[in-house]
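Residue 1 is where the sequence shown starts when you use the UniProt record's numbering, and the numbers rise one by one after that. Glycine residues also receive a C-beta, built at the ideal position from the N, C-alpha and C atoms. In what follows, a single structure is set out as structure tokens and then discussed.
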Amino acid sequence: QEKSSCLSAALFGEDCEISRDQLYELLKFAALGKCHNAAQPSWCRIYRQSHLAGVVVIVLPEMSQLHFYKFYLQFKHLRKVFRHRFTLTPSANFLASLYGEGANPKPQNTAQGILLGLTSTTSKSSDLQHDPIFQKYGGKKRGLTSYILTLKEMNRYDYPIKGPARWKGYVCTGCDKQRTDSSPLFGLDCEMCLTAKGNEVAYVSLVDAQGQCLLNELVKPQGEVVNYRTSFSGITEEMLLPVKTSLSDIQTKLKKILPRDAVLVGHSLNNDLQALEMIHPSVIDTSLLFARRGCRRFKLKFLAKAVLGKEIQCEEMVGHDPAEDARTALELAQFFIEQGPAKVAELNLEMLLRAEDRAEAAKKKEALQPQGRRVQQQLNEPPQLPKPCFLECLQVTGQKPLLLGRQELDSSGLCQSNLSTSNKQILQKALEDVPLSTFSIIQFSLGPENISSRLLAELCEKVGSKLTDMLTIYVGPFEESFCLKSVKKKFGKCGPIQSLTVVTETHQPYVCIKYEVLEAAQLAVENLNGAEVAGSCIKVQRPVTAAMLDCDVLIKELELDVENEGVIYVAGLKQSVTEKDLQEEFSELEDLEMLFLPKDLQSGKHRNCCFLKFQKSQSAVDALEVLNGWTMKGSKLRSRNALASGHLWRWIWQMNHSNGKQRGNIKKMQQLPDCEQDLKKKVQKLDNHIQKLYRSLQNNTLCVVLFPGVN
């Protein structure tokens, strides 16, 4: 759930299952964004990722979706706030794999014993104190004028300036107006050839703040060319032969294009201005803006990849493209200004460069090995499966993910704690530290006594039995010679029937109908109780068991569930109806966003019902009034508020098809001590902890709650 509308996904029943890799995609893009070459998830979309304040993953290690639905009423906060729900396909050592098998942080005890070596428990700003960017500019965002080189800096870094004799004869751009934070930025880059006179400009590119090319011209050098430097400049003798544009022409064009308050941006721009023999008073030099310790400088190619997530100066290209380099330098300056120095310092460019250097060195070392030896080595080594390295990516960018957890997670090798650590202490620590971290994993625990296989089997049995009872209705009494076919036809109009059997143990026959969806059973109870069916005035009721005493409460809460907000259920469709037919039929309904026509996940056949999702809740209410009694292709439709339109729809289907395998041990299970009341209290506390943590999060925080289960 995002504390602002930043996430979009298709979330009707059949779409509510994702893999571990798909979860990685979401978390990686949310945490890293395009700046670090992370791609948008393939299955959903995050909007305005750069606006995300952080990512928080709350893990309930011993719990699965079974627990969520068993204790649905106790998870009061979760079900009212988190509208997107998915089944996560099983995977071994899920939490360990989240960290990446290559990342093996060593746990360390602290006063509260819940932190990993890669965990930052101090203020993020204190971690940045030694970063040269943070030291120079501080942590607050500033306007562009704060990053313009001073006259002293221009002199120090060999920029042409007015006054000194060495720059005599250089042409001024004429941009002498006072600069403001609203002054326009222009990216500039030149490619040079070596001539008898020295370095002379041979290619000039100028781009505006939108990246549009304003000037992109070859220039005829004045002196005789000694070296075209083709591998860097991309310029050849053939390219310059027809060129008539002189340096003087370029100077005139630049003076004409640039407004009086223009700010030039470039990478080591002093070299370009020297080649152009021009003086410009306001420059932002990205090689100095992103400077390393000791004023060492990063290459433009590295900054483009590390900061902007783009590849430039590719090996297959002959020489550099000055327009591309000018645009890249401009985008780097814009990123720095928009994000602020603290955000740039968090990228930890120095660490990224070391990682890149190590990778390059390993590649070179491998290339130096004889071909036969490399092949033999590959044959001898077992195939290496790709290892997830999600948190390694975070570490490389300097984000220092936060992990808080309990000792019960030792089996995953992820965290270690003092035995006294409790969920309450974890919550307190999280409230203090989560705001200081851009990526946090918080692990609450039920305790090892609540994850025994026998207890899980009992819970599964109870949940399966309750679901079966909620999907089941008893109708009757009927006359001895009643027509079963007419009963099936009448009740089939409420939704897909899974089974229909005649009950003969009673004085008069009854029929037991089990539906495939909750809405169908509820429609039958609401609309057909007291109706005349097969010549008899019948009663429609659900099974009466201890577990079903709170059925009405559960139905009401399901209607209010945020997952079902603005969604209605429509039954009575003919089997031949297609999605296209429905789209045409319901096209006049106001604010209709999407429809879901369920199908059997094994046979693929469509059911005689559908779900309609509306953009506004009131539009769904209005649609209910219109649709009740609506006739489509000769069939009268019935509708009501949805109860299980999303994840629960799929989960019910799975339970219906797997529950039978787990039955048969119920008598043994009933001999277990009743831990349910204790579990309910623990779940309520967990829900309260999550509520407090969620309320403390900044707006635009992506929050994910995982129920990974024990196997």
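With 16 other Cβ atoms within 10 Å as the buried cut-off, status of residue i
i, result
"LEU648", "buried"
"ALA520", "buried"
"LYS124", "Bear in mind that a pLDDT of 43 at LYS124, under 50, signals an unreliable position, so the number given afterwards is only what the model happens to contain. Counting Cβ neighbours within 10 Å, LYS124 comes out buried, since at least 16 surround it."
"GLY495", "buried"
"GLU238", "exposed"
"ARG650", "buried"
"LEU385", "In this prediction, LEU385 scores a pLDDT of 38, lower than 50, which makes its location untrustworthy; the coordinate-derived value is nonetheless stated afterwards. By the neighbour-count rule (16 or more Cβ atoms within 10 Å), LEU385 is not buried but exposed."
"GLN654", "exposed"
"PRO259", "exposed"
"CYS703", "buried"
"GLN508", "exposed"
"GLN698", "exposed"
"ARG79", "buried"
"SER126", "With a pLDDT of 45 at SER126, under the threshold of 50, the predicted position of this residue should be treated as unreliable, though the coordinate-derived value follows. Classification for SER126: exposed."
"ASP550", "exposed"
"LEU672", "With a pLDDT of 45 at LEU672, under the threshold of 50, the modelled position of that residue is not reliable, and the figure given next carries that caveat. Classification for LEU672: exposed."
"GLY266", "buried"
"GLU331", "buried"
"VAL200", "Per the sequence shown, the amino acid found at residue 200 is Glu instead of Val. It is buried - the Cβ of GLU200 has at least 16 other Cβ atoms within 10 Å."
"GLN108", "With a pLDDT of 30 at GLN108, under the threshold of 50, the modelled position of that residue is not reliable, and no figure is offered here."
"GLY187", "buried"
"GLU480", "exposed"
"LYS493", "buried"
"TYR69", "buried"
"ALA10", "Bear in mind that a pLDDT of 45 at ALA10, under 50, signals an unreliable position, so the model cannot answer this."
Proximal residues to residue i (C-beta, below 6 Å), its chain only, five neighbours per side dropped
i, result
"LEU427", "HIS689"
"TRP630", "LEU637"
"ARG607", "PRO496, PRO598"
"ASP261", "LYS177, ARG179, SER183"
"ALA342", "GLY139"
"MET154", "ILE161"
"PHE482", "ALA534"
"GLN22", "TRP43"
"LYS682", "LEU446"
Beta carbon of residue i nearer than 8 Å to that of residue j
i, j, result
"SER246", "LYS220", "yes"
"ALA546", "VAL487", "no"
"PHE439", "GLY54", "yes"
"ALA291", "VAL207", "no"
"ARG454", "ILE568", "no"
"TYR228", "CYS172", "no"
"SER233", "ILE148", "no"
"LEU558", "LEU643", "yes"
"LEU431", "LEU693", "yes"
"VAL56", "VAL434", "yes"
"ILE442", "ILE161", "no"
"TYR159", "LEU288", "no"
"LEU215", "LYS253", "yes"
"PHE611", "ASP591", "no"
"GLY223", "LYS244", "no"
"GLN74", "LYS680", "yes"
"GLU25", "SER42", "yes"
"ALA323", "CYS213", "yes"
"LEU27", "PHE444", "no"
Bounding residues of the beta strand (DSSP E) (the contiguous stretch that carries residue i)
i, result
"GLN443", "439 to 443"
"LEU500", "497 to 503"
"ILE148", "Here ILE148 belongs to no beta strand (DSSP E), and DSSP marks it neither H nor E."
"THR701", "701 to 706"
"GLY476", "472 to 476"
Which residues DSSP lists as bridging residue i, in chain order
i, result
"GLU191", "TYR203"
"PHE611", "TYR569, PHE596"
"ILE284", "VAL265"
"PHE186", "LEU264"
"ILE58", "ILE442, VAL705"
"THR468", "According to DSSP, THR468 bridges with nothing at all."
"LYS539", "GLY476"
"SER635", "MET632"
Sequence-distant residues of the same chain with beta carbon closer than 8 Å to residue i, five excluded per side
i, result
"GLN498", "LEU471, LYS514, TYR515, GLU516, ASN656"
"GLN662", "Unreliable placement is indicated for GLN662, whose pLDDT of 44 sits below 50; the coordinate value is still reported in the next sentence. Cβ neighbours of GLN662 beyond the five flanking positions: ALA457, CYS460, GLU461, GLY464."
Residue range of the alpha helix (DSSP H) that includes residue i
i, result
"ARG695", "676 to 696"
"LYS256", "247 to 257"
"LYS490", "484 to 492"
"ARG640", "That residue, ARG640, is in no alpha helix (DSSP H); its beta strand (DSSP E) goes 638 to 641."
Contacting residues, own chain, Cβ-Cβ under 7 Å from residue i (five flanking each side not counted)
i, result
"LEU582", "LEU595, LEU597, CYS610"
"ARG85", "CYS16, GLU563, GLY646, HIS647"
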